[in-house]
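If you count the sequence shown from 1, position 293 lands on 341 in the working numbering, and the numbers rise without skipping. C-beta: ideal position from N, C-alpha, C; glycine also.
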Amino acid sequence: MGAISDTVIRRIHAMPKVELHIHLEGSTTPAMLFHLHERNGLPPPAESPEALAEQFRFRDFSDFVDMYLVILNAIRTADDFAYLVYELGRDRARQNILYSEVTVTPYAHIWMDKGLAPEDIIEGLEEGRRRVREEFRVELRWIVDIPRSLPEPAATWTADWAIAWQDRGVVALGLGGPEAGYPPEHFAHAFARARAAGLHSAPHAGETAGPSSVWGALHALAAERIGHGVRAVEDPLLLAYLREHQIPLEVNPTSNVQLQVYPSLEQHPFPHLWRMGLYLTVNSDDPPLFHTTLTEEYIRLVQTFGFTWEDVTRWVHNAARAAFLDPVEKDALVQRIATGISSLE
């Protein structure tokens, strides 16, 4: 493990940041989950928040999904969504994350038949987003995720829901859940529908499945960014394609280790992908579940692989330039990032 200076650590904490891959439901802390259970009259999920935090350790992706379902079940009202968004915004402000694209999976909440109406979800999201903007000067947008493993109408319903709420901050259609048995090609119709309506394409691929999943996302879904994508390292032709076309990968190093995509951070392919010239961004995925933050992801990469401050600033700029914002908003974000980083130097 390489040394990292106190100066670089202070700069990483203080620098303005952008995050493109974080799940709203997966941003629920043990204390927040306890609060949701209490306010909705549900049995406590564990003896205490501290005991629950110990359960946030996963043997594999299936084990992780089981805990995710516990979180989903606790979210029952529009106010619950507003609460989650507000607390996420507070965390963004604490880490100086100016802008985030947050993945939400509305159909999973409808499928669980908790009494939520589709309108409740967007009303809660929008109320939280408004408060976050006003109180923290943090901007959020939504990536609406198709849950792969749920049957139709999950894909079509999600695409239509995302299209309907573009004026409420929805910028892209995503695709999440277990990749095995649910290749991207199965969802081409939903992505075509969303793209025709003006939404971006940002599916998960190349996490728990290999290069074929990434190829499928690129060809069948016209992916503009790839959530994870790290297993592209197994296919030299795919690496060359990603480098040539500079398709951003939303890399989540600690998540990949926690879910046993790689046995340790030291064996993660991030430095190889970076040396190859791929377009990488750094993200935290489901930070409380993986005992991390975006800030800690940056620090761990520098500590483990000896990256420089210049590398760190390039990752931040990569994220800002890959954001699904209109040109005026993107230019303003890039300028805020540049100004903030310059002030630290």
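Beta-bridge pairing of residue i - partner residues as DSSP gives them
i      : result
Trp190 : Val150 and Val218
His394 : This structure cannot speak to residue 394, because the chain is shown only from 49 to 393.
Val66  : Tyr147
Ser249 : Leu221
Pro226 : According to DSSP, which records beta bridges pairwise, Pro226 is partnered with nothing at all.
Val71  : Reading off the sequence shown, one finds His at residue 71, where the question assumed Val. BP columns for His71 point to Thr151.
Pro195 : Gly224
Cβ neighbours of residue i in the same chain (closer than 6 Å, five flanking residues each side left out)
i      : result
Val350 : Ile52
Pro319 : Phe353
Phe372 : Val219, Ala220 and His248
Ile191 : Glu149, Thr151, Ala220, Gly222 and Ala250
Buried versus exposed call for residue i [16 or more other C-beta atoms within 10 Å across all chains shown]
i      : result
Ala257 : buried
Glu183 : exposed
Ala288 : exposed
Arg105 : exposed
Gly222 : buried
Gln383 : exposed
Leu285 : exposed
Gln143 : buried
Ala122 : buried
Leu381 : buried
Asp333 : buried
Glu393 : exposed
Thr151 : buried
Val31  : Outside the displayed range of the chain (49 to 393) lies residue 31, so it cannot be described from this structure.
Glu200 : exposed
CB contact flag (residue i, residue j, <7 Å)
i      : j      : result
Val281 : Pro335 : no
Asp168 : Ala126 : yes
Glu149 : Leu68  : yes
Ala245 : Ile211 : yes
Arg196 : Tyr230 : yes
His85  : Pro97  : no
Leu164 : His157 : yes
Phe109 : Leu307 : yes
8 Å Cβ shell around residue i - same chain, five flanking residues per side excluded
i      : result
Leu321 : Val278, Ala280, Val281, Leu287, Leu297, Val299 and Leu328
Pro301 : Leu313, His316, Phe318, Val330, Glu345, Arg348 and Leu349
CB contact below 7 Å: residue i versus chain C
i      : result
Gly176 : Here chain C cannot be found, since the structure has a single protein chain.
Own chain, CB closer than 7 Å to residue i, minus 5 neighbours either side, in chain order
i      : result
Tyr134 : Gly176, Arg179 and Val180
Glu395 : Outside the shown range of the chain (49 to 393) lies residue 395, about which nothing can therefore be said.
Restricting to runs no shorter than 4 residues, where is the alpha helix (DSSP H) found entirely within the region 268-333? 284-293, 301-306 and 318-323
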